[in-house]
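S.K.: Residue numbers (the numbering used here): 1 to 361.
Note that CB positions come from ideal geometry on N, CA and C, so glycine has one too.
What follows is a structure written as structure tokens; I'll ask about it next.
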Amino acid sequence: MNQFTPQPGIMDIALYQGGKAHVEGVANVIKLSSNENPFGPSPAAIEAIRATAGQVHRYPSTDHAELRAAIGEVHGLDPDRIICGVGSDEVLQFVTQAYTGPGDEVIYTEHGFSMYPILARMAGATPVQVPERQRVVEVDAILAACTERTRIVFLANPANPTGTMLTEAEVTRLADNLPGHVLLVLDGAYAEFVEGFDGGAALVSARDNVIMTRTFSKIYGLGGLRIGWGYAPRAIIDVLNRIRQPFNLSTVQLAAAEAAVRDQDWVVRCRAENTLWRGWLAERFAELGIASDQSCANFILARFADRAEAEACDLFLQSQGLIVRRVAGYNLPQALRITVGDESSCRAVVDAVRAFKERAA
Ligand SMILES: Cc1ncc(COP(=O)(O)O)c(C=O)c1O
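Right under this line is the structure:
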């Protein structure tokens, strides 16, 4: 420690644990720990990255007008109600920083995404964890936890790491019944994996207390480039833009995201592959006696007999060069979260889990 004292809450932050990418002594790993798209980004996005490489001596656009227009066109949304950030994480940070501070409470749920309490603490606010029921978010539990200090409710739909989802009716009921001083943040990082789902956009359009965030990191396959966006009432966008740095997104990020969002054929193909192999994985796991909830995202949450079995299976998978995600930090010590990879990765993970089970028998 030195003589400089950080702002309240900062030293309470436990560092974010990302998915592992390496196993000691194993050269060719299959990484299924960070919910990345196994097919990568659209070829159009890769071409846009190449095409902008020669322009990086110029500062990028500050208002992201072209990317916002493209997102607006593709999703049928007003571009003036869109804000872009360095991953959806940055948009979530804008919201938390703008609307919470010391003495305020931020609600997230029992198995909710681990950035929510981190963001609350960054702003000096108090994260409040609300129970789920069998790995599904409970609207009534959230409503019961609201106090006059609550400022934000974070809800990922589909959720990470459970993969479960609330119905549109339930999300609407939540938005309808929150106290007037509470903002509902719908995190749609995995929305594109659900065919026909708007991520909550219609709810945002219709109300003044709901914000939606989206990302280019998951189905768009651009996690390494860091681009996300939010859709909110205009008055909120105006607030968020005041704390956004003018050049938060580079020329390369903006061009790649615009090309990616315009290539919806890529999204459709990736979603179809994901749905196919997610179902196949869940069925094979069930045959091996490993349960999982119906996942609406690009991973499954495999539930083992107990923590010891989950950890032993994880170690065995690592020895085979397969990296999945432990989720004890999400109050799920008996589970492993496994990203849906391409066909060969899915087959490899099932073969390895089968071998693990046979060894233990
Ligand atoms: C539920 C959820 N929200 C937000 C994010 C952040 O994504 P990004 O900052 O890459 O857009 C993730 C990433 O894993 C996530 O799982």
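To the nearest angstrom, how far is it from the Cα of Asp309 to the Cα of Leu317?
M.R.: As a first step, residue 309 must be located in the sequence shown, where it is residue number 309. As a first step, residue 317 must be located in the sequence shown, where it is residue number 317. Before going further, note that residue 309 is Glu rather than Asp in the sequence given. Roughly 12 Å between the two C-alpha positions.
S.K.: On the criterion of 16 or more Cβ atoms from any shown chain inside 10 Å, does His368 qualify as buried, or is it exposed?
M.R.: Since the first residue shown for the chain is 1 and the last is 361, residue 368 is missing from the structure and cannot be characterised.
S.K.: Name the one or two DSSP bridge partners that Gly18 has.
M.R.: The residue labelled residue 18 in the question sits at position 18 within the sequence shown. In DSSP, Gly18 forms no bridge with anything.
S.K.: Going by other Cβ atoms of all chains shown within 10 Å of its Cβ, with 16 needed for buried, is Leu276 buried or exposed?
M.R.: Translated into the one-based positions of the sequence shown, residue 276 becomes position 276. Leu276 should be labelled exposed.
S.K.: What did DSSP end up calling Pro127 once you bin it into helix, strand or coil?
M.R.: The residue labelled residue 127 in the question sits at position 127 within the sequence shown. Three-state DSSP puts Pro127 in a strand.
S.K.: Can you list, in chain order, the stretches of the beta strand (DSSP E) that have 3 or more residues and sit fully within the region 277-348?
M.R.: The qualifying runs are 299-303 and 335-339.
S.K.: Measure how close the beta-carbons of Val252 and Ile49 come, nearest whole angstrom, since I'm counting them as under 8 Å.
M.R.: What you label residue 252 is simply residue 252 of the sequence shown in a count that begins at 1. What you label residue 49 is simply residue 49 of the sequence shown in a count that begins at 1. Yes, they are in contact, since the Cβ atoms of Val252 and Ile49 sit about 6 Å apart, within 8 Å.
S.K.: For ligand 1, which residues count as neighbours when the test is a C-beta closer than 5 Å to any heavy atom?
M.R.: The set, ordered by position in the chain, is Gly87, Ser88, Asp89, Phe113, Ala156, Asn160, Asp187, Ala189, Thr215, Ser217 and Gly228.
S.K.: Three-state secondary structure (DSSP) at Leu178?
M.R.: Counting from one through the sequence shown, the residue named residue 178 turns up at place 178. Residue state, collapsed to three classes: coil.
S.K.: Taking only the alpha-carbon atoms, compute the straight-line gap between Glu105 and Phe197 and give it to the nearest angstrom.
M.R.: In the sequence shown, counting from the first residue as 1, residue 105 sits at position 105. In the sequence shown, counting from the first residue as 1, residue 197 sits at position 197. Approximately 30 Å, taken between the alpha carbons.
S.K.: Helix, strand or coil: which one does DSSP assign to Met122?
M.R.: Counted from its first residue, the sequence shown places residue 122 at position 122. Looking at Met122 - three-state DSSP - the assignment turns out to be helix.
S.K.: Excluding five sequence neighbours on each side, which residues of the same chain lie with their C-beta closer than 6 Å to the C-beta of Leu174?
M.R.: As a working mapping, residue 174 is identified with position 174 in the sequence shown. Excluding sequence neighbours, Leu174 sits near Val139.
S.K.: Name the DSSP beta bridge partners of Arg229, please?
M.R.: Here residue 229 refers to the residue found at position 229 of the sequence shown. In the sequence as presented, Arg is not what sits at residue 229; that position holds Trp. Answer is Cys84 and Arg214, bridged to Trp229.
S.K.: Could you check whether Asn160 and Leu166 sit closer than 8 Å to each other, using their CB atoms as the reference points?
M.R.: Start at 1 with the first residue of the sequence shown, and residue 166 comes out as number 166. Start at 1 with the first residue of the sequence shown, and residue 160 comes out as number 160. The answer is no: Cβ separation not under 8 Å.
S.K.: Span of the beta strand (DSSP E) holding Glu105?
M.R.: As a working note, residue 105 is residue 105 in the sequence shown. Segment Glu105 to Thr109, the beta strand (DSSP E) holding Glu105.
S.K.: In the DSSP assignment, find the unbroken alpha helix (DSSP H) run with Thr377 in it and report its ends.
M.R.: With the chain covering only 1 through 361, there is no way to say anything about residue 377.
S.K.: Using alpha carbons as the reference points, say which of Lys357, Arg359, Gly329 and Ile323 lies closest to Asn28.
M.R.: As a working note, residue 28 is residue 28 in the sequence shown. For Asn28, the nearest C-alpha among the options comes from Ile323.
S.K.: Grab the span of the beta strand (DSSP E) containing Leu183 for me, first residue to last.
M.R.: What you label residue 183 is simply residue 183 of the sequence shown in a count that begins at 1. Per DSSP, Leu183 belongs to the beta strand (DSSP E) from Leu183 to Asp187.
S.K.: Bridge partners for Val23 per DSSP, in chain order?
M.R.: For this step, residue 23 is matched to residue 23 along the sequence shown. Looking at the DSSP assignment, Val23 forms a beta bridge with Val26.
S.K.: Between the C-alpha atoms of Gly180 and Gly76, what's the straight-line distance to the nearest angstrom?
M.R.: In the sequence shown, the residue the question calls residue 180 occupies position 180. In the sequence shown, the residue the question calls residue 76 occupies position 76. One C-alpha to the other measures close to 27 Å.
S.K.: So what's Val136 in DSSP terms, helix, strand or just coil?
M.R.: Numbered from its first residue, the sequence shown carries residue 136 at position 136. Strand, per DSSP.
S.K.: Decide if the region 237-253 is in contact with the region 60-68; the criterion is three or more beta carbon pairs, one per stretch, under 8 Å apart.
M.R.: Touching, yes.
S.K.: Round the Cβ separation of Ile142 and Val130 to the nearest angstrom and send it over; I've been treating them as touching at under 8 Å.
M.R.: In the sequence shown, residue 142 corresponds to position 142, counting from 1. In the sequence shown, residue 130 corresponds to position 130, counting from 1. Rounded, the Cβ-Cβ distance is 5 Å, consistent with contact.
S.K.: Identify, in the order they occur along the chain, each residue of the same chain with its Cβ nearer than 6 Å to the Cβ of Ala291, setting aside the five sequence neighbours on each side.
M.R.: Within the sequence shown, the letter at position 291 stands for residue 291. Cβ within range, chain order: Arg303.
S.K.: So if DSSP puts Lys357 in a beta bridge, which residue, or which two residues, is it bridged to?
M.R.: Position 357 of the sequence shown holds residue 357. Note: Lys357 sits in no beta bridge, so no partner.
S.K.: With a threshold of 8 Å between beta-carbons, can Asp238 be considered close to chain C, or not?
M.R.: Of the protein chains in the structure, only one exists, and it is not chain C.
S.K.: Are Asp80 and Arg234 closer than 8 Å when you measure CB to CB?
M.R.: Your numbering for residue 80 matches position 80 in the sequence shown. Your numbering for residue 234 matches position 234 in the sequence shown. Going by C-beta atoms, Asp80 is nearer than 8 Å to Arg234.
S.K.: Give the straight-line distance between the Cα atoms of Ala69 and Arg262, rounded to the nearest whole angstrom.
M.R.: For the purposes of this step, residue 69 is taken as the residue at position 69 of the sequence shown. For the purposes of this step, residue 262 is taken as the residue at position 262 of the sequence shown. About 11 Å.
S.K.: What residues in its chain sit with their C-beta under 7 Å from that of Met212, if we drop five residues either side in the sequence?
M.R.: If you number the sequence shown from 1, residue 212 lands on position 212. Closer than 7 Å at the Cβ level, and outside the excluded window around Met212, lie Leu186, Gly188, Gly199, Gly200, Ala201, Val204, Gly230 and Tyr231.
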